[in-house]
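Engineer:
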Ligand SMILES: [Zn+2]
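In this note's numbering, the protein residues as written are 1 to 198.
1. Please state if the CB of residue 144 and the CB of residue 102 are separated by a distance shorter than 8 Å.
2. For residue 156, which residues of its own chain have a beta-carbon under 6 Å away from its beta-carbon, when the five flanking residues on both sides are left out?
3. If you compare alpha carbons, which of 130, 92, 136 is closest to residue 111?
4. Residue 86: buried (16+ other C-beta within 10 angstroms of its C-beta) or exposed?
5. Give every residue of the same chain whose Cβ lies closer than 8 Å to the Cβ of residue 21, excluding the five residues on either side of it in the sequence, and list them in chain order.
6. From the DSSP output, in three-state form, read off residue 39 for me.
7. So, at 7 Å on beta carbons, what are the nonlocal neighbours of residue 69 in its own chain, with the 5 sequence-adjacent residues on each side left out?
8. Spell out the partners DSSP gives residue 138 in its beta bridges.
9. What three-state label does DSSP hand residue 50 in the structure shown?
10. Residue 164: buried (16+ other C-beta within 10 angstroms of its C-beta) or exposed?
11. Name the one or two DSSP bridge partners that residue 113 has.
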């Protein structure tokens, strides 16, 4: 969470200590967080200044509050262990990663988007992690094109779905926009997808 590097470790957070106030509202941080190998080493070495600096530059929503956010996770993670990131996923994910599939939850908070992904390029394994229930499947996707990453397709879908976005939108309406956008994006040639995604 402190930088954009590949997640190697997961640290549990104590939800009772992961609360904070921001802009006058109470929030609770996630039940865990991921770290790259170097950030995990900084965490263990109490190199908080570096973690704050990395968070400031990597998080577009909370970067301005880096000091607060890092102090919250430090408090909530105190005394709790780190486990290897790959062990954190249900059985079968590791093998699918080796085939180029990426868990959707690593790419987007809207993992229902598996429904609009081409069948040939999506897979699922039974969800076994209690914190992810009631989800019954853990979905993974890969890029339909060797030239692009799944992020390019997602970026293009969001961009088309959110073009001319009204101020008020129902979940149903948002979802039908996503469906229409995906139908277009997955028939575009890769160069066009890339253009749309940026
Ligand atoms: Zn890192």
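Glycine included, each C-beta is placed from N, C-alpha and C at the ideal position. On a predicted model such as this, the values are computed, not experimentally measured, just so you know.
Structural biologist: Reading from the atomic positions:
1. no
2. The answer, listed in chain order, is 185, 193, 196, 197.
3. 136
4. exposed
5. 27
6. helix
7. 55, 62
8. Bridge pairing for residue 138: 125 [DSSP].
9. In the three-state DSSP reduction, residue 50 falls in the helix class (H, G or I).
10. By the 10 Å Cβ count, residue 164 comes out exposed.
11. DSSP lists no partner for residue 113.
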